[in-house]
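Per the working numbering, residue 9 is the first one in the sequence shown, and the count goes up by one each step.
Backbone N, C-alpha and C fix where the C-beta goes; we use that ideal spot for every residue, glycine too.
Owing to the predicted nature of the structure, the values given are computational and were not obtained by experimental measurement.
Here's the structure, in structure tokens; my notes come after.
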Amino acid sequence: MTDGHGQADDGIEPDGGEATTEDPSTEMSITTDVSESVSASATTGEADTLVEARDVSVYYNDERALNDITMEIPRNRVTAMIGPSGCGKSTFLRCINRMNDMIDAARVEGDLLLRGKNVYDDDVDPVALRRRVGMVFQKPNPFPKSIYDNVAYGLEIQGADGDYDAIVEESLKRAALWDEVKDQLDESGLDLSGGQQQRLCIARAIAPDPEVILMDEPASALDPVATSKIEDLIDDLAEEYTVVIVTHNMQQAARISDKTAVFLTGGELVEFDDTDKIFENPDSQRVEDYITGKFG
Ligand SMILES: Nc1ncnc2c1ncn2[C@@H]1O[C@H](COP(=O)(O)OP(=O)(O)OP(=O)(O)O)[C@@H](O)[C@H]1O
Ligand SMILES: [Mg+2]
Numbered sequence: 009m010t011d012g013h014g015q016a017d018d019g020i021e022p023d024g025g026e027a028t029t030e031d032p033s034t035e036m037s038i039t040t041d042v043s044e045s046v047s048a049s050a051t052t053g054e055a056d057t058l059v060e061a062r063d064v065s066v067y068y069n070d071e072r073a074l075n076d077i078t079m080e081i082p083r084n085r086v087t088a089m090i091g092p093s094g095c096g097k098s099t100f101l102r103c104i105n106r107m108n109d110m111i112d113a114a115r116v117e118g119d120l121l122l123r124g125k126n127v128y129d130d131d132v133d134p135v136a137l138r139r140r141v142g143m144v145f146q147k148p149n150p151f152p153k154s155i156y157d158n159v160a161y162g163l164e165i166q167g168a169d170g171d172y173d174a175i176v177e178e179s180l181k182r183a184a185l186w187d188e189v190k191d192q193l194d195e196s197g198l199d200l201s202g203g204q205q206q207r208l209c210i211a212r213a214i215a216p217d218p219e220v221i222l223m224d225e226p227a228s229a230l231d232p233v234a235t236s237k238i239e240d241l242i243d244d245l246a247e248e249y250t251v252v253i254v255t256h257n258m259q260q261a262a263r264i265s266d267k268t269a270v271f272l273t274g275g276e277l278v279e280f281d282d283t284d285k286i287f288e289n290p291d292s293q294r295v296e297d298y299i300t301g302k303f304g
């Protein structure tokens, strides 16, 4: 499961093995081999864009929750989304894997591109999309199944070939949980501690070998020790995956992310930049006020 991502013909790449990627030097997406672009970014140290929002607005009935969001999320980096409650962070996250499709009142406008392909195109299968864009929620939500079956779940529903035992082991190792559970794989996932359950959910999300992992406040229900484990894990995951994380914890955003997007009331993306810049010297006074706790 460690080899190239996203080779499946699942509608996101309607032409089969070829994948589109965004060339930072051109406005339009170009077709290129994924492994080529990955090695190019590895040699230059520059991250290319994996997910791009262009003028994305989201409405719940007539209420606008997100207002014209345009941003480029780099590959194999951690991008944090911060901002006060209700500013649309979860809504934006759910645009990326089309979870808003499941909310009747929600309507998405604009383009949301994954490697240059609009995930809202008619030929994109949302289930296949969600395999490539995994999600971890605030509250750990293992299924009432064994640890093994929790991790194998995503593989089973997609009827994936391969050695499930090896994939389960590898996913649990990547989620930094293997050593703690390797002798109890048949026991219920619900019997683990909260922090272990969250790592189990991360293992479940990475088992189908996604490209992007969305995390909506993944550590906010955990104690400081479990939180720090999750933070270390996120750092490791970014070597292999593109991580987009919502957090209310500014220190956490500053510690773990490469890029930070600041959303403010009204569903506006006020500033998006390198995390150091956002926390040390933001352009926007409103961002500075928010970060220093003057409002929010
Ligand atoms: N299912 C829904 N139906 C109607 N309105 C919704 C729904 N989900 C979110 N909203 C509204 O959209 C806006 C943005 O909500 P969202 O949950 O994306 O904010 P958030 O930034 O994630 O907040 P929090 O930090 O509290 O999680 C809010 O005004 C919220 O009330
Ligand atoms: Mg939220």
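Check: residue 97 C-beta below 6 Å from any heavy atom of ligand 2: For the purposes of this step, residue 97 is identified with residue 89 of the sequence shown, where counting begins at 1. Remark: the shortest separation between the CB of residue 97 and any heavy atom of ligand 2 falls under 6 Å.
Nearest-angstrom beta carbon gap, residue 84 and residue 250 [assumed within contact, 8 Å]: As a first step, residue 250 is located in the sequence shown; it is residue number 242 there, counting from the start. As a first step, residue 84 is located in the sequence shown; it is residue number 76 there, counting from the start. Taking a contact as a CB-CB distance under 8 Å, the pair residue 250 and residue 84 counts as one, their CB atoms being some 6 Å apart.
Beta-carbon proximity list for residue 289, same chain, < 8 Å, skipping 5 on both sides: If you number the sequence shown from 1, residue 289 lands on position 281. The same chain holds no residue with a CB closer than 8 Å to that of residue 289 once the five nearest residues on each side in sequence are set aside.
At least three beta-carbon pairs within less than 8 Å, the stretch 250-260 to the stretch 89-103: Counting Cβ pairs under 8 Å, three or more are found: they touch.
Alpha helix (DSSP H) runs contained entirely in the stretch 106-131, provided each spans 4 or more residues: Uninterrupted alpha helix (DSSP H) stretches at least 4 residues long and entirely within the stretch 106-131 do not occur.
Given 8 Å, three or more beta-carbon pairs between the stretch 69-76 and the stretch 104-111: Touching, no, given that fewer than three Cβ pairs across the two stretches are closer than 8 Å.
Whole-angstrom distance between residue 234 and residue 260, CA atom to CA atom: As a first step, residue 260 must be located in the sequence shown, where it is residue number 252. As a first step, residue 234 must be located in the sequence shown, where it is residue number 226. For residue 260 and residue 234, the distance between alpha carbons rounds to 13 Å.
Sub-7 Å separation of residue 227 and residue 238 beta-carbons: Your numbering for residue 227 matches position 219 in the sequence shown. Your numbering for residue 238 matches position 230 in the sequence shown. Yes, the Cβ-Cβ distance between residue 227 and residue 238 is below 7 Å.
Residues bridged to residue 8 [DSSP beta-bridge criterion]: Outside the shown range of the chain, which is 9 to 304, sits residue 8, and nothing can be said about it.
Secondary structure of residue 98, DSSP reduced to three states: Here residue 98 corresponds to residue number 90 of the sequence shown, with the count starting at 1. The three-state reading of DSSP puts residue 98 in helix, counting H, G and I together.
Heavy atom of ligand 1 within 6 Å of residue 261 beta-carbon: Here residue 261 refers to the residue found at position 253 of the sequence shown. No, the Cβ of residue 261 stays beyond 6 Å of every heavy atom of ligand 1.
Expected contact under 8 Å - CB spacing of residue 160 and residue 172 to nearest Å: Your numbering for residue 160 matches position 152 in the sequence shown. Your numbering for residue 172 matches position 164 in the sequence shown. Correct: roughly 5 Å between the Cβ atoms.
Other residues of its chain near residue 277: CB distance less than 7 Å, five sequence neighbours each side excluded: Residue mapping note: residue 277 aligns to position 269 of the sequence shown, counting from 1. Excluding positions up to five away in sequence, the list reads 77, 79, 269, 271.
Option nearest residue 148 by Cα separation, candidates 280, 231, 287: Translated into positions along the sequence shown, residue 148 becomes position 140. It is 231 whose Cα lies nearest to the Cα of residue 148.
Through-space distance from residue 168 to residue 45, alpha-carbon basis: The sequence position of residue 45 within the sequence shown is 37, counting from 1. The sequence position of residue 168 within the sequence shown is 160, counting from 1. Because residue 45 carries a pLDDT of 41, less than 50, the predicted location of this residue cannot be relied on, and the following value inherits that uncertainty. Taking the straight line from one Cα to the other gives about 26 Å.
Inter-stretch contact at 8 Å, needing at least 3 Cβ pairs: the stretch 189-203 / the stretch 116-131: The answer is no - the stretch 116-131 does not touch the stretch 189-203, with fewer than three Cβ pairs under 8 Å.
Whole-angstrom distance between residue 122 and residue 293, CA atom to CA atom: Counting from 1 along the sequence shown, the entry for residue 293 is found at position 285. Counting from 1 along the sequence shown, the entry for residue 122 is found at position 114. The alpha-carbon atoms of residue 293 and residue 122 are separated by roughly 32 Å.
beta-carbon residue 73 near ligand 1 non-hydrogen atom, thresh 6 Å: Residue numbering aside, residue 73 sits at position 65 when the sequence shown is read from its first letter. Result yes, Cβ under 6 Å from ligand 1.
Candidates 210, 55, 266: closest to residue 142 by CA position: Position 134 of the sequence shown, counted from the first residue, corresponds to residue 142. The candidate whose alpha carbon is nearest that of residue 142 is 210.
For residue 118 and residue 280, the rounded distance between their alpha carbons: Within the sequence shown, the letter at position 272 stands for residue 280. Within the sequence shown, the letter at position 110 stands for residue 118. So the two alpha carbons sit approximately 18 Å from each other.
Contact test: residue 111 Cβ vs ligand 1 heavy atom, cutoff 6 Å: One-based indexing of the sequence shown puts residue 111 at position 103. The beta carbon of residue 111 sits closer than 6 Å to at least one heavy atom of ligand 1.
For residue 86 and residue 214, believed in contact at Cβ under 8 Å, the rounded distance: Numbered from its first residue, the sequence shown carries residue 214 at position 206. Numbered from its first residue, the sequence shown carries residue 86 at position 78. Not really, about 15 Å apart at Cβ, beyond 8 Å.
Length of the line joining the Cα atoms of residue 124 and residue 297: Numbered from 1 along the sequence shown, position 116 holds the residue referred to as residue 124. Numbered from 1 along the sequence shown, position 289 holds the residue referred to as residue 297. Residue 124 and residue 297: Cα-Cα distance of roughly 35 Å.
Coil, strand or helix - residue 55 by DSSP: Along the sequence shown, read from residue 1 onward, the residue named residue 55 stands at position 47. Coil.
Simplified DSSP state of residue 219, which is helix, strand or coil: On the sequence shown, position 211 is the one that residue 219 refers to. The answer is coil: DSSP assigns residue 219 none of H, G, I, E or B.
Opening and closing residue of the beta strand (DSSP E) in which residue 300 lies: As a position in the sequence shown, residue 300 is number 292, starting the count at 1. For residue 300, there is no enclosing beta strand (DSSP E), as DSSP marks it with neither H nor E.
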